[in-house]
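Below: one structure, written as C-alpha cells.
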Amino acid sequence: ECERSDETTLNQVFILCADDGIVDRLADPNNLLKQLADSDMSNRAIVDEVFLGALSRFPMDSERGVAVAMLNHAQGKEVDSEYQSVTDQYLDDEVDRWVVLQDIVWALINSKEYVFRH
110 ECERSDETTL NQVFILCADD GIVDRLADPN NLLKQLADSD MSNRAIVDEV FLGALSRFPM
170 DSERGVAVAM LNHAQGKEVD SEYQSVTDQY LDDEVDRWVV LQDIVWALIN SKEYVFRH
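Residue numbers are given in the working numbering: position 115 of the sequence shown equals residue 224, and the series is strictly consecutive.
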C-alpha cells in the first residue's frame with residue numbers, strides 16, 4: 110500500500126527550480142500577475158488573491174505583512190518598520206510591483222505546502 114508523505118523530494122525541488130516553463134509563465138505579460146500588478150487593487154487584496162490562488166488559503170498575518178511591505182516598497186510607499194529590514198535586505202531600490210509579485214508567487218510554489226497540495 111502506498112502512503113502519502115508531506116516531505117518534499119529532491120526530484121520535486123529540481124523540477125521546480127530548473128523548469129524554465131514556470132519562469133516563463135510567471136513573466137508572461139498576459140498573465141494574471143501582470144493584470145494584478147497593473148490594477149488599482151490594494152496590495153493587501155493582491156496578496157490575499159495570490160495566496161488563495163496558490164495555496165487555497167488566506168495568508169497568515171506575518172506572511173501578509175512581509176508580502177505587502179515588499180509590494181509597498183516597489184511602489185515607493187511607506188513600509189511598516191516591522192518589515193523594513195526584510196525589504197532592505199531582499200529588494201533593490203528600483204524594483205517593479207510585477208517583479209515583486211513574481212517573486213512572491215515563486216516563493217509560494219516552491220514551498221512545501223504548495224508541493225503537498227499540488
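Built from N, CA and C at the ideal position, the CB exists for glycine as well. Remember, it's a predicted structure, so these values are computed and weren't measured experimentally.
Cβ neighbours of residue i in the same chain (closer than 8 Å, five flanking residues each side left out)
{"i": "residue 217", "result": "159, 160, 163, 164, 223"}
{"i": "residue 134", "result": "140"}
Of the residues the options, the one placed nearest residue i, counting alpha carbons only
{"i": "residue 183", "options": "142, 141, 140, 152", "result": "152"}
{"i": "residue 214", "options": "172, 149, 148", "result": "172"}
Close Cβ partners of residue i (< 6 Å) along its chain, the five nearest in sequence each way excluded
{"i": "residue 209", "result": "179, 180, 183"}
{"i": "residue 204", "result": "183"}
{"i": "residue 187", "result": "none"}
Own chain partners of residue i with C-beta closer than 7 Å, once the 5 adjacent residues on each side are dropped
{"i": "residue 206", "result": "146, 180, 183, 184"}
{"i": "residue 136", "result": "211"}
{"i": "residue 176", "result": "156, 168, 213"}
{"i": "residue 189", "result": "174, 178"}
{"i": "residue 142", "result": "135, 207, 210, 211, 214"}
{"i": "residue 196", "result": "178, 179, 182, 188"}
Cβ pair residue i, residue j closer than 8 Å
{"i": "residue 199", "j": "residue 174", "result": "no"}
{"i": "residue 168", "j": "residue 156", "result": "yes"}
- Query: Where in the region 126-183 do unbroken runs of the alpha helix (DSSP H), each at least 4 residues long, occur, reported from the N-terminal end onward?
  - Reply: Segments of the alpha helix (DSSP H) lying fully in the region 126-183: 129-135, 141-147, 152-164, 170-183.
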